[in-house]
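Enquirer: FYI, in the working numbering the residues of the sequence shown are 1431 to 1868. Every residue gets a Cβ at the ideal spot worked out from N, C-alpha and C, and that includes glycine. Quick caveat, the model's predicted, so the values are computed rather than measured.
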Amino acid sequence: MSAPASASSAPTAVDLFSGAGGLSEGLRQAGFQILAASDHDPDACATYRLNFPEVTMIEGDLTDRANHARLANLATPMNRELDLLAGGPPCQAFSQVRNHDRLLEDPRNRLYREFVNVLDELRPRALLLENVPGLLQFNAGEVCEQIEIDLSLGGSYDVRSQVLDAGDFSTPQSRSRLVFIGVRRGEVLPGRPAGSGLTSNVGLRRKSVRGRARYVLEGPEELVERLLDPADLAAVTAEQALSDLSRPGDRYSSDPRSVFQEAMRARSDAPQDHSPSRIREDTILRLKGIPPGGNVHDLPAELTERYLTGKKWGPAGNGKRLARRHFYAYRRLHPRWLAWTANTKADFAYHYRQPRGLSVREVARIQGFPDAFHVTTAPQGTPGQLYGGARHSRYRQIGNAVPPPLAVAVGREIRNALAAALIRAAGEPVPAQSDYLE
Ligand SMILES: C[S@@+](CC[C@H](N)C(=O)[O-])C[C@H]1O[C@@H](n2cnc3c(N)ncnc32)[C@H](O)[C@@H]1O
């Protein structure tokens, strides 16, 4: 049997489906020593290696059992037991589940099954599985219940799920995540991290001023004040996140203007990847007609013509009006509020003040990645590389990630619970958390 660590040594973790490393970055900041990570995307692996030179990256398909064996060798160095298995497997088939027992058997859920298999093989002290909150809606919550049952490995683990929004945890973005946390049966489950409460209490309201749309902040005064205070790191607006990047290029436009910017610029002399994608002249004209916080629905009629400058774009024969009219089209950030959930596309939102898209660095800031975290790609033509080119790959890697500040909040709770369990096991009284951590 492996030996447990002592409460004072860094807890260890393995990150599956690690992508560029958002979850790992947060766990590292929370004090975990990441022993191994695994992903099959060559570009994400290149970024991971660049930023985590101390971690062994297993580049390959996690459905390949040979990779499980390699993980098992790395996860328990010197026969010390692994503290945390973490990961966010893509889950394709959960929405179709009729018979909830079949979740693990459905071939389209094979990646989720691999997480459960590795959990069974490594038997860590704790587990963390991250996914989208949409899972809660499937089969009236039965899918979520079944995941808790699967992860319990027949009663070996106690598992609890919770929905957390990154916007409540020092991230300038509303991004809701479903998080499953488990510990060995009989251990005390980690607590729910305390967030600012911003995302459930504050929001933007659309007003019409002289026939034109405007978006204004609405919510309890005390929370709005905290949000607008650049010295308060718990609640961060888009402007507090991005204003020192107002000029694209390889230099900061100003000194840091918020504690968030100070934190992001630690160990970084210059912003990397700070040139937004080119956009059409028609798009620039349209953006000028949309108020901050608004979208395509706020366009004045004259800007909904399909062609504004006469230059033709897109497939011909699509009518005289703009076809792209869904909620996600032409969204402009609001400087005094959080960004919408970033996705893998460069055009998920546009700048709040300038008629332009966001650079990879700006999206990374919105995700809470420090500027010293650089994004890269594998050499062009590497087998397994996804289609779309280097620029698109960078947006995809960052857009796919767990916001590191959210991972920090969850990671700290797990670390506290693991340290307290060791102290309890040694027969000592458990002191206040601050006495044994940090
Ligand atoms: C949502 S992303 C993970 C993001 C990551 N947790 C982060 O915070 O940056 C899911 C990852 O699963 C990886 N993936 C998908 N299928 C895989 C497979 N068969 N084997 C290994 N990795 C896989 C993808 O390449 C992608 O990076």
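In terms of residues, what are the limits of the alpha helix (DSSP H) holding Thr1486?
Expert: Unbroken run through Thr1486 is the beta strand (DSSP E), Thr1486 to Glu1489; no alpha helix (DSSP H).
Enquirer: Would you verify that the beta carbon of Glu1692 is, or is not, closer than 9 Å to some beta carbon of chain C?
Expert: Protein chain content of the structure displayed is limited to a single chain, and chain C is not contained in it.
Enquirer: I need the straight-line Cα distance from Ala1440 to Arg1736, nearest angstrom please.
Expert: Straight-line Cα distance between these residues: approximately 58 Å.
Enquirer: Note down, in chain order, each residue of its chain lying with its Cβ closer than 8 Å to the Cβ of Arg1762, except the 5 sequence neighbours on either side.
Expert: Same-chain partners within the cutoff: Leu1717, Ile1720, Pro1721, Pro1722, Gly1723, Gly1724, Asn1725, Ala1779, Tyr1780, His1781 and Tyr1782.
Enquirer: In this structure, does DSSP put Ala1831 in helix, strand or coil?
Expert: Ala1831: coil per DSSP, three-state reduction.
Enquirer: Does any heavy atom of ligand 3 sit closer than 8 Å to the C-beta of Ala1837?
Expert: With respect to ligand 3, the structure offers nothing, as its ligand set consists of ligand 1.
Enquirer: Helix, strand or coil, according to DSSP, for Ala1502 in the structure here?
Expert: In the structure shown, Ala1502 sits in a helix (DSSP, three-state: H, G or I).
Enquirer: Just tell me which of Gln1784, Leu1446 and Gly1641 has its CA closest to the CA of His1764.
Expert: Comparing Cα positions, the closest option is Gln1784.
Enquirer: Just list the alpha helix (DSSP H) runs in the stretch 1628 to 1667, keeping only unbroken ones of 4 residues or longer that don't cross its boundaries, in chain order.
Expert: Whole alpha helix (DSSP H) segments, 4+ residues: 1628 to 1631 and 1651 to 1658.
Enquirer: Out of curiosity, what's the CA-to-CA distance linking Ile1853 and Pro1861?
Expert: Spanning the two alpha carbons is a distance of roughly 9 Å.
Enquirer: Using DSSP with H/G/I as helix, E/B as strand and the rest coil, what is Leu1541?
Expert: If DSSP states are grouped into helix, strand and coil, Leu1541 belongs with the helices.
Enquirer: If I measure Cβ to Cβ from Glu1551 and keep anything under 7 Å in the same chain, skipping five residues before and after, which residues do I get?
Expert: Same-chain partners within the cutoff: His1498 and Ala1502.
Enquirer: Among Arg1555, Glu1511 and Arg1695, which one has its Cα closest to the Cα of Gly1616?
Expert: Nearest option by C-alpha distance: Arg1555.
Enquirer: When you compare the CB positions of Ser1698 and Ala1802, do they come within less than 9 Å of one another, or not?
Expert: Yes, these two residues count as a Cβ contact at 9 Å.
Enquirer: What do you get for Arg1766, buried or exposed, if any count of 16 or more other CB atoms within 10 angstroms of its CB means buried?
Expert: Classification of Arg1766: buried, given that the 10 Å Cβ count is 16 or more.
Enquirer: Tell me which residue opens and which closes the alpha helix (DSSP H) that Leu1453 is part of.
Expert: It spans Gly1452 to Gln1459 - the alpha helix (DSSP H) in which Leu1453 sits, taken as one unbroken run.
Enquirer: In terms of residue numbering, what span does the alpha helix (DSSP H) encompassing Leu1480 cover?
Expert: Leu1480 -> alpha helix (DSSP H) spans Pro1472 to Asn1481.
Enquirer: Given 8 Å as the limit, is there contact between the stretch 1825 to 1841 and the stretch 1585 to 1596, that is, 3 or more CB pairs closer than that?
Expert: These segments touch.
Enquirer: So for Val1618, helix, strand or coil by DSSP?
Expert: Looking at Val1618 - three-state DSSP - the assignment turns out to be coil, as it is neither helix nor strand.
Enquirer: What do you reckon, is the C-beta of Pro1809 under 8 Å from a heavy atom of ligand 1?
Expert: No.
Enquirer: Got a sec? Which residues, its chain only, sit under 8 Å from Ala1847 by beta carbon, not counting five neighbours each side?
Expert: Hits under 8 Å: Ala1556, Val1613, Glu1617, Val1618, Leu1619, Pro1620 and Gly1621.
Enquirer: Beta-carbon separation of Arg1636 and Asn1561 under 9 Å?
Expert: Their beta carbons are not under 9 Å apart, which means Arg1636 does not touch Asn1561 by this criterion.
Enquirer: Taking the beta carbon of Arg1642 as the centre, do at least 16 other beta carbons fall within 10 Å, making it buried, or is it exposed?
Expert: Classification for Arg1642: exposed.
Enquirer: Going by alpha carbons, who is nearest to Pro1701 out of Gly1829, Ala1808 and Pro1800?
Expert: With distances taken between Cα atoms, Pro1701 lies closest to Pro1800.
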